[in-house]
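Colleague:
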Amino acid sequence: MGKIVAANWKMNLRRRSACELAAALKTDGRECWLFPGFPLIAPVADTLIGGKVKLGAQDVSPEQDGAFTGDVSAEMLEDAGCEMVLVGHSERRHIHGEDDALLLAKLKRAVEAGLKPLYCVGETLKQREGGKATEVVKSHLAILSEMGGADRACAVAYEPVWAIGTGETATPEQAGEMHAFIRSELTKQGLGQLPILYGGSVKPDNAHALMTQPHVDGVLVGGASLKLDSLRAIDDIAREIG
Ligand code: PGA
């Protein structure tokens with residue numbers, strides 16, 4: 354498999370801007386993964402029909418359909434055209450206080466409904482400075498062993514919290530080191546084949562150095578995925594590396 358480029362649009366874009374971006378990527382024949390906000394999923398899914406771009410959601414309810422006001426079930430996402438879903442993104446862990454028990458329930462539900470989780474892990478600056486980065490990442494990865502069907506995830510993303518949306522990126526060496534650690538932890542769980550993406554202020558000018566590190570199988574891009582030019586540039590770099 355070539356390098357993966359995944360776009361996390363977070364709480365950005367509108368129907369028109371999202372569909373324009375999606376249409377351009379489809380016309381280019383690109384194979385990247387898009388994660389739009391909930392109301393944008395259905396129109397973007399329609400736009401992508403017949404192309405190679407894959408679609409995912411940014412969150413999923415741990416519950417099945419029912420009386421859960423404001424939640425969106427895995428079945429609804431599947432029905433709207435999603436194949437994948439982000440679980441464990443640091444903005445969910447830290448802003449919404451999602452803990453391991455909740456994330457495990459979300460992972461299980463996603464897989465039961467046929468969605469492939471893109472499971473995100475990563476340490477805060479304080480944890481890194483305290484020498485706890487690998488311990489934290491190891492504990493995030495541990496819940497994969499409890500979920501059953503973790504081999505149906507589409508990828509794991511390493512996103513150091515201090516590098517997300519800050520303009521600060523892990524150096525290629527820091528990313529490479531942590532990706533090697535994640536690969537060894539996943540291998541112990543029989544999940545050594547899962548792609549590992551890097552995320553956190555990925556831009557056209559650092560994408561090559563990051564994606565050429567061993568065990569960096571692609572990138573999860575936030576801010577730079579909102580503009581066609583920068584997303585295309587990152588995807589071109591991924592295709593060049595192969
Ligand atoms: P960023 O976001 O590229 O804007 O840092 C990455 C992410 O949170 O997935």
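Using the working numbering, the first residue of the sequence shown is number 354, and each one after it goes up by one.
We treat Cβ as the ideally placed atom computed from N, Cα and C, and that holds for glycine.
Would you mind listing the beta strand (DSSP E) stretches within the stretch 520-579 that are 3+ residues and don't spill past its ends, in chain order?
Modeller: 549-552 and 571-574, all fully within the stretch 520-579.
Colleague: Sorry if obvious, but does the Cβ on Leu387 come closer than 6 angstroms to a heavy atom of the ligand PGA?
Modeller: Because no heavy atom of the ligand PGA lies under 6 angstroms away, the Cβ of Leu387 does not count as near it: no.
Colleague: With DSSP as the reference, label Lys485 as helix, strand or coil.
Modeller: Residue state, collapsed to three classes: coil.
Colleague: Going by DSSP, what residues sit across from Leu387 in a beta bridge?
Modeller: In DSSP, Leu387 forms a bridge with Ala360 and Leu408.
Colleague: Tell me whether the stretch 495-504 and the stretch 522-536 touch, counting them as touching only if at least three CB pairs, one residue from each stretch, are closer than 8 angstroms.
Modeller: No, the stretch 495-504 is not in contact with the stretch 522-536.
Colleague: Have a look at Asp582 and Ala420 and give me their C-alpha separation to the nearest angstrom.
Modeller: If you take the alpha carbons of Asp582 and Ala420, they lie about 42 angstroms apart.
Colleague: Let's see if you can read the secondary structure: which residues bound the alpha helix (DSSP H) around Ala377?
Modeller: Element bounds for Ala377: Arg368 to Asp381.
Colleague: Apart from the five residues just before and just after Arg445, which ones in its own chain have a Cβ nearer than 6 angstroms to its Cβ?
Modeller: Excluding positions up to five away in sequence, the list reads Glu451.
Colleague: Just to confirm, is the Cβ distance from Ala371 to Val397 under 7 angstroms?
Modeller: Contact: yes.
Colleague: Since I believe Arg536 is in contact with His568 (beta carbons under 8 angstroms), could you give me their beta-carbon distance rounded to a whole number of angstroms?
Modeller: With 8 angstroms as the limit, His568 and Arg536 qualify as a contact, their Cβ atoms being about 5 angstroms apart.
Colleague: Please check the pair Val574 and Val406, which I expect to be a contact at CB under 8 angstroms, by giving their CB distance rounded to whole angstroms.
Modeller: With 8 angstroms as the limit, Val574 and Val406 do not qualify as a contact, their Cβ atoms being about 14 angstroms apart.
Colleague: Output yes if chain B places a C-beta closer than 7 angstroms to the C-beta of Gly595; else output no.
Modeller: Among the protein chains of the structure shown there is no chain B, as only one such chain exists.
Colleague: List the endpoints of the continuous beta strand (DSSP E) containing Ala510.
Modeller: Counting along the chain, the beta strand (DSSP E) containing Ala510 begins and ends at Ala508 to Tyr511.
Colleague: Where does Leu401 fall in DSSP's three states?
Modeller: DSSP places Leu401 in helix when its eight states are reduced to three.
Colleague: Based on Cα-Cα distance, which residue from Arg505, Glu436 and Glu476 lies nearest to Lys461?
Modeller: Nearest C-alpha to Lys461: Arg505.
Colleague: For Ile590, I'd like the list of residues in its chain whose CB is within less than 6 angstroms of its CB, leaving aside the five on either flank, ordered along the chain.
Modeller: The answer, listed in chain order, is Ala560 and His561.
Colleague: Under a three-way DSSP split, which group does Pro415 fall into?
Modeller: Here Pro415 sits in coil by DSSP.
Colleague: Once you ignore the five residues that flank Met531 on each side, which residues in its own chain have a CB closer than 6 angstroms to its CB?
Modeller: Tyr511, listed in sequence order.
Colleague: In three-state terms, what does DSSP make of Leu497?
Modeller: Residue state, collapsed to three classes: helix.
Colleague: Can you give the Cα-Cα distance for Met564 and Asp432, rounded to whole angstroms?
Modeller: Approximately 33 angstroms between the Cα atoms of the pair.
Colleague: Does DSSP put Leu460 in a helix, in a strand, or in coil?
Modeller: Three-state DSSP puts Leu460 in a helix.
Colleague: Can you tell me where the beta strand (DSSP E) with Leu471 in it begins and where it stops?
Modeller: Residues Lys469 to Val474.
Colleague: What does DSSP give as the partner residues of Val440 in its beta bridges?
Modeller: Val440 pairs with Tyr472.
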